[in-house]
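As you go down the protein sequences, you meet chains A and B in turn.
Start counting the first sequence at 1; every next residue gets the next number (full-length UniProt numbering).
Start counting the second sequence at 1; every next residue gets the next number (full-length UniProt numbering).
All C-beta atoms in this analysis are idealised placements derived from N, C-alpha and C, irrespective of residue type, glycine included.
Note sheet for the following structure.
2 protein chains.
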Amino acid sequence: MSDLLERLRGRGWRLTAQRRVVAEVLDGDHVHYTADEVHALAAERLPEISRATVYNTLGELVTLGEVIEVTTDGRAKRYDPNAHHAHQHLVCARCGTIRDVHPSGDPLSDLPAQERYGFAVSAVEVTYRGLCPDCAT
Amino acid sequence: MSDLLERLRGRGWRLTAQRRVVAEVLDGDHVHYTADEVHALAAERLPEISRATVYNTLGELVTLGEVIEVTTDGRAKRYDPNAHHAHQHLVCARCGTIRDVHPSGDPLSDLPAQERYGFAVSAVEVTYRGLCPDCAT
DNA sequence: TTCTTGACTTGGACATTGTCCAATGTAGGA
DNA sequence: TCCTACATTGGACAATGTCCAAGTCAAGAA
Numbered sequence: 001m002s003d004l005l006e007r008l009r010g011r012g013w014r015l016t017a018q019r020r021v022v023a024e025v026l027d028g029d030h031v032h033y034t035a036d037e038v039h040a041l042a043a044e045r046l047p048e049i050s051r052a053t054v055y056n057t058l059g060e061l062v063t064l065g066e067v068i069e070v071t072t073d074g075r076a077k078r079y080d081p082n083a084h085h086a087h088q089h090l091v092c093a094r095c096g097t098i099r100d101v102h103p104s105g106d107p108l109s110d111l112p113a114q115e116r117y118g119f120a121v122s123a124v125e126v127t128y129r130g131l132c133p134d135c136a137t
Numbered sequence: 001m002s003d004l005l006e007r008l009r010g011r012g013w014r015l016t017a018q019r020r021v022v023a024e025v026l027d028g029d030h031v032h033y034t035a036d037e038v039h040a041l042a043a044e045r046l047p048e049i050s051r052a053t054v055y056n057t058l059g060e061l062v063t064l065g066e067v068i069e070v071t072t073d074g075r076a077k078r079y080d081p082n083a084h085h086a087h088q089h090l091v092c093a094r095c096g097t098i099r100d101v102h103p104s105g106d107p108l109s110d111l112p113a114q115e116r117y118g119f120a121v122s123a124v125e126v127t128y129r130g131l132c133p134d135c136a137t
């Protein structure tokens with residue numbers, strides 16, 4: 001994670017306590033917090049951090065390509081720090097748990113030219129849905 | 001579309017002017033309106049229709065499996081009446097235009113067992129992103 | 001080390017999208 | 001035609017996110 005901070009500083013990012021805490025909260029695998037969750041976790045370490053700063057910082061991390069924004073349920077966006085390894089998401093339909101997964105093959109190549117309507121297609125997101133072991137009961 | 005109304009009536013759906021108008025607005029191909037857009041279009045025919053009724057009716061149509069809820073941008077949900085033919089979505093990254101598309105192959109089969117973490121995977125949504133011909137300039 | 005400055009943070013107002021509820025209206029069967 | 005359970009309404013409220021003016025501070029300069 002400190003690599004991340006160094007990398008961003010090299011890009012002219014001013015390193016503040018707030019940004020450091022947000023980056024720390026986002027460290028780990030299978031992390032998919034909402035902005036409010038990030039704010040709550042960040043506030044445990046830096047109680048006076050504001051919501052606006054968390055939103056700003058998350059937006060910057062997304063713009064810089066260090067974090068991916070994921071919308072799995074039409075409610076709050078979630079932030080996924082696993083931005084440097086292409087992956088898709090598997091979501092529990094009941095409890096909302098999210099796992100990063102790696103399908104075989106390239107979903108992009110599954111869209112035939114005549115189904116592209118002249119679009120320059122550059123990305124694809126796949127969301128698998130089902131019940132996790134705990135919710136399958 | 002009248003088939004839809006008949007079908008729903010057979011399932012005990014009370015047929016009101018409001019529901020009829022919402023169903024009519026959703027008739028067509030490549031239709032992906034937000035709830036507010038549906039409300040505005042419905043109000044052209046039935047000016048006194050309320051937002052709450054539009055939300056209620058859309059929710060019922062989704063529950064009944066007649067309309068699919070689509071979230072392509074983390075903002076307003078969109079409603080797709082093309083629920084009886086499996087399809088995916090192609091979205092313009094600039095203007096937001098949405099087309100229904102039909103990839104070859106079954107994306108579900110691209111997720112190996114060891115990538116399922118014990119989930120009972122039952123559905124998959126694919127969103128292709130790129131620039132439409134008008135926005136590619 | 002201290003100074004300076006432009007970038008960063010803050011809190012609160014505001015916007016958008018969606019949900020809920022009590023009062024009122026009405027579709028469709030008896 | 002009448003009943004009544006179901007549907008509609010408008011407005012309050014909730015959740016999520018954006019914006020802004022004022023105050024604060026990181027990091028380079030001296």
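State the Cα-Cα distance for the pair residue i and residue j, rounded to the nearest angstrom.
i: residue 213 of chain A; j: B:R99; result: Lying before the first or after the last residue shown, residue 213 of chain A is absent from chain A, which here runs from 1 to 137.
i: A:L15; j: A:T137; result: 47 Å
i: A:H85; j: A:R19; result: 23 Å
i: A:W13; j: A:E66; result: 13 Å
i: A:D134; j: B:V124; result: 20 Å
i: A:I49; j: B:Q114; result: 40 Å
i: B:L90; j: A:R129; result: 19 Å
i: B:G105; j: B:A35; result: 32 Å
Using 8 Å for Cβ pairs, my map puts residue i next to residue j. What's the rounded Cβ distance?
i: B:V38; j: B:L26; result: 7 Å
i: A:V31; j: A:D110; result: Not really, about 29 Å apart at Cβ, beyond 8 Å.
Taking all protein chains shown into account, do 16 or more other C-beta atoms lie within 10 angstroms of the C-beta of residue i, making it buried, or fewer, making it exposed?
i: A:P103; result: buried
i: B:C132; result: buried
i: A:R78; result: buried
i: B:G28; result: exposed
i: B:T63; result: exposed
i: A:A23; result: buried
i: B:C92; result: buried
i: A:A52; result: exposed
Based on the DSSP output, what are the partners of residue i in its beta bridges?
i: B:G130; result: A:V121, B:C92
i: A:E69; result: A:Y79
i: B:R99; result: B:L90
i: A:Y33; result: A:Y79
Against residue i, what residues of chain A qualify as contacts under a CB-to-CB distance less than 9 Å, listed in chain order?
i: B:E125; result: E125, V126, T127, Y128, R129
i: B:C92; result: F119
Which chain B residues are close to residue i, counting only those with a beta carbon under 8 Å from its beta carbon?
i: A:P133; result: Y117, G118, F119
Under 7 Å between beta-carbons, which chain A residues line up against residue i? List them in chain order, please.
i: B:R51; result: Chain A residues near B:R51: none, gap ~17 Å exceeds 7 Å.
Along chain B, which residues have their Cβ under 7 Å away from the Cβ of residue i?
i: A:R99; result: Y117
i: A:T71; result: T71, G74
i: A:L111; result: V101, P103, Y128
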